[in-house]
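Novice:
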Ligand code: BGC
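Residue numbers (the numbering used here): 1 to 384.
Structure follows, in structure tokens:
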């Protein structure tokens, strides 16, 4: 069923053309042009945030609610938001809820009680905050959704995120362009998708399926578990252990006689879970699958360099924070936020005006250009 060496060679040869193929390079946040970490490698002109006089922020307080510190990206998001808002003169209350939905509700309630002027929320369960969002609205506190859409509420003013369907599309295109898909030599694939209470996970899945469905249909890709529907392949709270256990189970039940060739995971943490399961099941470099991820965490980028993880999706959280800060300024100072999507993000009550940053597929062929030259990680960090 598999020709690993050929696939690996193809993978290397084709990866070079990947970004041109999926158009991501041209749209990428020009990482290689970014002189330093300070500059968000932006494809757009400098955000209004940096032009605003700090005096306008006078005494205003912004509550920033983040989901968890168990994943590196959210630590970076929180730190970026705090420093960028503070640089403009805002006071910031940054809280992490460690994936505990009730804890996040309480944190937001406390922020409202403490009299914040604006709330920025990256939710854990995007539908669980409806009441507290109403409290904010009633208190005249504007709410901005950060990275994850806030569902079922009219209390949200703006949404700063990445093109979430585009993340799935990029993962799918990577598989299509690099796995050497051929109905005469089918490759096995399993999907490890994100959390069902996160709208991003659904959008990623939709983008991924659009790309790989033709190859499932023509037999070039085979999912032996049959777990192709989101209901059976999602991972509550994007939890690494849950993904590991599910991967172990799939390997035992469906891959005793045949190897798993592709782990299509929606997040680096899920990829780590799959890697542990694969190692436990005796997979080695000789039959190691193509493994996808998302976030280009430091560890994932190191794994990409060593070949353990094949690719990830780089999301420049500095750029996202810049866009979100312009939204904070818009609701607090009456400035114009930059918006580039007024259609896709319907939260069941309203369509939320959004800014979508561009996700970029990274693998061992372009991580230097995108990640190192973009000032996201240094060569030293990656070598540690
Ligand atoms: C984010 C991803 C992240 C995932 C798990 C999603 O909402 O968009 O970047 O990998 O959550 O933390």
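Backbone N, C-alpha and C define an ideal beta-carbon position, used for all residues, glycine too. Owing to the predicted nature of the structure, the values given are computational and were not obtained by experimental measurement.
1) For residue 380, tell me which candidate among 155, 332, 192, 302 has the shortest Cα-Cα distance.
2) Indicate the three-state DSSP secondary structure (helix, strand or coil) for residue 58 in the structure shown.
3) Enumerate in chain order the residues of its own chain whose CB-to-CB distance from residue 142 is below 6 Å, with the five nearest sequence positions on each side excluded.
4) For residue 322, is the classification buried or exposed, using 16 other Cβ atoms within 10 angstroms of its Cβ as the cut-off for buried?
5) Is any heavy atom in the ligand BGC found nearer than 7 Å to the beta carbon of residue 288?
6) Name the one or two DSSP bridge partners that residue 145 has.
7) Helix, strand or coil for residue 185, going by three-state DSSP, please let me know.
8) Figure out for me which residue from 140, 108, 115, 146 has the closest Cα to the Cα of residue 129.
9) Of the choices 139, 133, 127, whose alpha-carbon is the least far from that of residue 151?
10) On the DSSP bridge assignment, give the partners of residue 66 in chain order.
11) Could you check the C-alpha separation between residue 376 and residue 357 for me, to the nearest Å?
12) Grab the span of the alpha helix (DSSP H) containing residue 249 for me, first residue to last.
13) Find the nearest neighbour of residue 100 within the set 190, 84, 122, 285, judged by alpha-carbon distance.
14) Whole beta strand (DSSP E) runs in the stretch 271-347 with 3 or more residues, listed along the chain?
15) Taking 8 Å as the threshold (C-beta atoms), are residue 193 and residue 276 in contact?
16) Can you check which of these residues, 383, 59, 355, is closest to residue 368 by C-alpha distance?
17) Is the beta carbon of residue 352 sitting closer than 8 Å to the one on residue 146?
18) Residues in its own chain within less than 7 Å of residue 137 by CB, not counting five upstream and five downstream?
Specialist: Quick answer:
1) The residue labelled residue 380 in the question sits at position 380 within the chain shown. For the residues 155, 332, 192, 302, the minimum Cα distance to residue 380 belongs to 302.
2) In the chain shown, the residue the question calls residue 58 occupies position 58. Coil.
3) The residue given as residue 142 occupies position 142 in the chain shown. Answer for residue 142: 118, 157, 331, listed in chain order.
4) As a first step, residue 322 is located in the chain shown; it is residue number 322 there, counting from the start. Label assigned to residue 322: buried.
5) Along the chain shown, one-based indexing puts residue 288 at 288. For the ligand BGC, not one heavy atom lies less than 7 Å from the Cβ of residue 288.
6) Numbered from its first residue, the chain shown carries residue 145 at position 145. In the DSSP output, where bridge partners are listed per residue, residue 145 has 121, 159.
7) Position 185 of the chain shown, counted from the first residue, corresponds to residue 185. Looking at residue 185 - three-state DSSP - the assignment turns out to be coil, as it is neither helix nor strand.
8) The count along the chain shown starts at 1 and reaches residue 129 at position 129. Residue 108 is the option with its Cα nearest to residue 129.
9) The count along the chain shown starts at 1 and reaches residue 151 at position 151. Comparing Cα-Cα distances from residue 151 to each of 139, 133, 127, the minimum goes to 127.
10) Taking the chain shown and counting its residues from 1, the one referred to as residue 66 is at position 66. Partner(s): 96.
11) On the chain shown, position 376 is the one that residue 376 refers to. On the chain shown, position 357 is the one that residue 357 refers to. So the two alpha carbons sit approximately 16 Å from each other.
12) Residue 249 sits at position 249 when you count from the first residue of the chain shown. Segment 240-254, the alpha helix (DSSP H) holding residue 249.
13) Taking the chain shown and counting its residues from 1, one reaches residue 100 at position 100. Checking every option, the nearest Cα to that of residue 100 belongs to 122.
14) 311-314
15) Translated into the one-based positions of the chain shown, residue 276 becomes position 276. Translated into the one-based positions of the chain shown, residue 193 becomes position 193. No, the Cβ-Cβ distance between residue 276 and residue 193 is not below 8 Å.
16) Here the question's residue 368 lines up with position 368 in the chain shown. Of the candidates 383, 59, 355, the one whose C-alpha sits nearest the C-alpha of residue 368 is 383.
17) For the purposes of this step, residue 352 is taken as residue 352 along the chain shown, with counting starting at 1. For the purposes of this step, residue 146 is taken as residue 146 along the chain shown, with counting starting at 1. Cβ atoms of residue 352 and residue 146: not closer than 8 Å.
18) Residue mapping note: residue 137 aligns to position 137 of the chain shown, counting from 1. Once the five neighbours on either side are set aside, the close Cβ partners of residue 137 are 155.
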